[in-house]
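So the structure is just underneath, and the comments pick up after that.
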Amino acid sequence: MKQKHDLIVVGGGHAGVEAANISSKIGCKTTIVTMDKNSIGRMSCNPAIGGVAKGQIVREIDILGGLMGRAADFSGLQFKTLNKSKGRSVWSPRAQTDKRVYERYISNEILHNKKINVLIGEVVSLLINKESVEGVLLRSGEKLFCKSVVITCGTFLSGVIHVGDRKILAGRMGESSSVGITEHLNSMGFKTMRLKTGTPPRALKSSIDWEKTSVDFGDKNPVPFSFFTKNFKPKNEPCHTVRTNENVHNIIKTNSHLSPMYSGEITGVGPRYCPSIEDKVQRFSHHPTHLLFLEPEWENSDQIYVNGFSTSLPEEIQLNSLRQIEAFKNIKFLRPGYAIEYDCIVPSQLKLTLESKEVFGLFFAGQINGTSGYEEAAAQGLVAGVNSANYVLNKNPLRIERSDGYIGVLIDDLITKDTEEPYRMFTSRAEYRMMLRYSNAETRLYESAKKHCLLSAEEKTVIEQRSKDRKNIKKLTTKSIKAGYIDALNIKQSMPIKDYIKRPEANLLGTLKKTNLFPKTTNSEEWSFLEVVDDVETEIKYDGYIKRHLKEIEKLEKNENLKIDENINFNKFLGLSLEARQKLSIVRPETFGQASRISGVSPSDISTLMVYLLKN
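Here the sequence shown stands for residues 13 to 628, numbered as in this note's numbering.
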């Protein structure tokens, strides 16, 4: 008798664990197939969670029932909100974490979940019945049968590590690559491509002259990632910084031909916005120095992550160049920097749900979709996990629109735009970023979380209390301040607090305290309540921008969700440009909104298409 699984997740990285965790929450018996049980949830690169736009994604993952925010709060060594000197739409939380504690937290959540089975093995191909997935084939020859599959192979698909002219077949240093899936996907008609990512060297802590570095602490009053974190009193361990110099750059320039990126050994394209030190020196030669961050990989770690020095140069060149920096004169490596080349699919072959357009029940998430970063991977894993479970249970899918969250921006960009390099999220990619603040994630996505049963009763109580806090604070802002009531407020005529707060110098928290209107008690955590106060202030100060965004969203939604027949032949529309016909045929957008965002499809093409289809 065939053993049946509800859902199989291939891979146990950031995408895989979120997919498995959320599918088990929804009610599916889930199996993770991984080559190494000890690597579940591993932070393979930098020891940090969040950052610009990425912090917003972590908050969105959290309100949708994910693990990443909770794990980061539990393991955090330092918390900081980035971009505080800029507008509030780009404020982004980031945490320096203890990698070992983070991984242990994730592993415990997965291994102690009775609805998740972890199986050691390597998937080499899929089992397909007509147009639907029905299981996977392991290298051992064993067949596992299921109703749905989520592939989250990370950088392991035909992974090759490069250090100078040295090549190692691996997905991560010390871990075997996965061979066979790419060939199988190609045989099924899937288009794949080759990408590259990299990692900097890990230095021995005792080999660094710390007195010649600059100290960098986190925020004094930090905020957690998870809405459900209680008694948040994190550590504030320092990081350190140094700068490169002309001597460093000269050594790299002189030896750049030894880098496999420049010698032609690496054919994959690397991330433009997270360049190697070779790229920085070549492309940004007008900069005399580059900032390097020295990040401990765990508490009291002897291993220091040299952030900003990603490289595939030979190890001796890496050492010689870094030793030109005063603090690094005696630096020693525990592991040199290296580049990883790997296979991924062309993500335009996916639906907004991250399901394959060709094979029912087959979902893809993480770096296999051409993205870069823990946060992007986890977000996709969560969406794929929800939708894979809903597919199994015959429920409606979860769809996150661009106006709903950064997760919506991420997925929409992947499936509609040409992916030529590893995709990294930035606030600039979101046209409605004023609406997509990390501090209001629950107002945007809580209804979706409830609809898809992603939160426990206790978790829903936390969010509903936060909603009450928000309503109460908004109500308080309608109260008037009498002229001359408080000298410090310099009020010459009576006005509602919300009008006073529009002044650049005004502060809602301070005003409520001065007018004795600040609530004495709340059932929320203190950090959550204060964050809500700050977010209400943001809405007041940016009211004009927000209303404009809402009008734009309302206007776009009229066409955004207009469906396009999946069987339509775009080549018969001679009124479309040749490029538009080609791109539309490749991407096969589900809606007019998606069609309008495809590179090479002009507004006139959309008008032509809409006129024809509305007539028919």
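Ideal Cβ positions, reconstructed from N, Cα and C, are used throughout, including at glycine.
- In the structure shown, the three-state DSSP call for Q477 is helix.
- Closest in alpha carbon position to K494, among E459, I576, K504, K159, is K504.
- The beta carbon of V548 sits closer than 8 Å to the beta carbons of R482, I485, K486, T489, L520 from its chain, once the five residues preceding and following it are set aside; these are given in chain order.
- When C-beta atoms of the stretch 329-344 are compared with those of the stretch 78-98, fewer than three pairs fall below 8 Å, so the two segments do not count as touching.
- Assigned with DSSP and collapsed to three states, Q361 falls in helix.
- When only Cα atoms are considered, V145 and C158 end up about 8 Å apart.
- Around the beta carbon of D74, a 10 Å sphere encloses 16 or more other beta carbons of the protein chains shown; the residue is thus reported as buried.
- Under the DSSP assignment, H299 falls outside any alpha helix (DSSP H); it carries neither an H nor an E label.
- Burial is judged here by how many other beta carbons sit within 10 angstroms of a residue's own beta carbon; K66 has at least 16 and is buried.
- Each residue's CA atom was taken as its position, placing I423 and R441 some 12 Å apart.
- Linking G63 to S540 through their CA atoms gives a straight-line distance of about 20 Å.
- Across the structure, V70 and K16 are spaced so that their CA atoms are roughly 33 Å apart.
- Fewer than three Cβ pairs drawn from the stretch 458-473 and the stretch 571-582 lie within less than 8 Å of each other, which leaves the two stretches out of contact.
- Here I357 really is in contact with K203; their C-beta atoms are around 7 Å apart, less than 8 Å.
- Bounds of any alpha helix (DSSP H) do not take in A107; it lies within the beta strand (DSSP E) bounded by 104-109.
- Per DSSP, G133 has no beta bridge partner at all.
- Nearest in C-alpha terms to K127, of all of S616, T241, K41, S360, is K41.
- For a cut-off of 8 Å, the C-beta gap from L588 to L621 is around 7 Å, short enough to register as a contact.
- Nearest to P516 by C-alpha distance, out of W222, K491, N535, T550, is T550.
- Checking the DSSP bridge columns, you'll see G88 partnered with T109.
- In the three-state DSSP reduction, K49 falls in the helix class (H, G or I).
- Relative to the Cα of S226, the nearest Cα in the group F240, H252, N248, P234 belongs to H252.
- A check of alpha carbon separations from H261 across F240, I289, R560, F237 identifies I289 as the nearest.
- Counting along the chain, the unbroken alpha helix (DSSP H) around D74 starts and ends at 66-75.
- Judged by DSSP secondary structure, Y512 falls within the alpha helix (DSSP H) whose first and last residues are 509-512.
- By the Cβ-count criterion, R295 is exposed, with fewer than 16 other Cβ atoms from all chains shown falling within 10 Å of its own Cβ.
- Look at the beta carbons and you see the stretch 111-127 not touching the stretch 346-365: under three pairs across the two are nearer than 8 Å.
- In this model, F345 and P213 are separated by some 7 Å (Cα to Cα).
- Across the structure, Y450 and I412 are spaced so that their CA atoms are roughly 16 Å apart.
- Each residue's CA atom was taken as its position, placing L542 and N581 some 54 Å apart.
- Taking 8 Å as the cut-off, the Cβ atoms of I419 and A391 count as close.
- Counting other Cβ atoms within 10 Å of its Cβ, I132 stays below 16 and is therefore classed as exposed.
- Bounds of any alpha helix (DSSP H) do not take in G147; it lies within the beta strand (DSSP E) bounded by 144-150.
- Taking the C-beta atoms as reference points, Y386 is found nearer than 8 Å to I61.
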